[in-house]
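Right, one structure below, let's go through it.
Residue numbers (full-length UniProt numbering): 1 to 153.
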């Protein structure tokens with residue numbers, strides 16, 4: 001199986017409660033299309049958390065850009081917004097960035113000219129297809145004595 005060199009998807013949206021649900025479906029669809037079914041639930045939960053934080057801390061109706069990028073080994077999800085406040089990891093945990101941290105391999109944030117970007121990554125290698133497998137008869141079986149191994153291979 002040949003791994004893709006780089007796959008990405010980007011969506012610009014105005015943040016609202018309805019958009020958080022819509023984004024979850026969009027992210028799930030792209031992950032399934034990229035054969036990353038095992039990652040749908042944790043990635044969607046973490047992306048949903050990032051967008052909910054934008055809604056909660058930056059405000060309803062503000063612009064956000066969500067980007068998915070998969071290199072064949074690592075999946076990065078980033079959410080850029082126009083808020084000036086930088087996110088903080090609260091010691092109490094339980095939600096927000098604590099949940100993102102628990103669902104990802106790494107995460108971070110950086111300022112931009114327009115606001116900030118919060119991102120997380122997960123190791124996400126596509127499942128390998130093994131294809132059809134030929135089985136040889138068990139040693140000692142009558143068929144094994146009758147058919148030479150060179151014919152079976």
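Beta carbons: idealized from backbone N, C-alpha and C, even for Gly.
Treat the numbers as computed from the prediction; the structure is a model and nothing was measured.
Nearest-angstrom Cα separation, counted from residue j out to residue i
| i | j | result |
| --- | --- | --- |
| residue 22 | residue 29 | 11 Å |
| residue 3 | residue 72 | Confidence at residue 3 is low in this model, with a pLDDT of 48, below 50, so the placement of that residue should be treated as unreliable; the coordinate-derived value is given next. Rounded to whole angstroms, residue 3 to residue 72 spans 6 Å at the Cα level. |
| residue 116 | residue 6 | 24 Å |
| residue 42 | residue 8 | 18 Å |
| residue 68 | residue 98 | 20 Å |
| residue 112 | residue 85 | 11 Å |
| residue 49 | residue 15 | 13 Å |
| residue 125 | residue 59 | 35 Å |
| residue 13 | residue 109 | 20 Å |
| residue 88 | residue 39 | 25 Å |
| residue 35 | residue 122 | 15 Å |
| residue 100 | residue 37 | 19 Å |
| residue 127 | residue 31 | 13 Å |
Closest by C-alpha distance to residue i, when choosing among the options
| i | options | result |
| --- | --- | --- |
| residue 64 | 40, 79 and 45 | 79 |
| residue 46 | 126, 119 and 62 | 119 |
| residue 74 | 105, 98 and 9 | 105 |
| residue 20 | 66, 122, 123 and 103 | 66 |
| residue 11 | 96, 95, 90 and 77 | 77 |
| residue 56 | 101, 96 and 100 | 96 |
| residue 70 | 103, 51, 33 and 90 | 33 |
Local conformation of residue i per DSSP, three classes
| i | result |
| --- | --- |
| residue 10 | strand |
| residue 3 | Per-residue confidence for residue 3 stands at a pLDDT of 48, beneath the threshold of 50, marking its modelled position as unreliable; the derived number appears in the next sentence. Coil, per DSSP. |
Nearest-angstrom Cβ-Cβ length linking residue i and residue j, presumed shorter than 8 Å
| i | j | result |
| --- | --- | --- |
| residue 27 | residue 44 | 5 Å |
| residue 62 | residue 82 | 6 Å |
Chain D contact for residue i (CB, 9 Å cutoff)
| i | result |
| --- | --- |
| residue 43 | The question asks about chain D, but that chain is absent: this structure has only one protein chain. |
Subject >> Contiguous beta strand (DSSP E) assignments of at least 3 residues, all confined to the UniProt domain "Histidine kinase/HSP90-like ATPase" (17-121) >> reply: 63-70, 74-81 and 106-111
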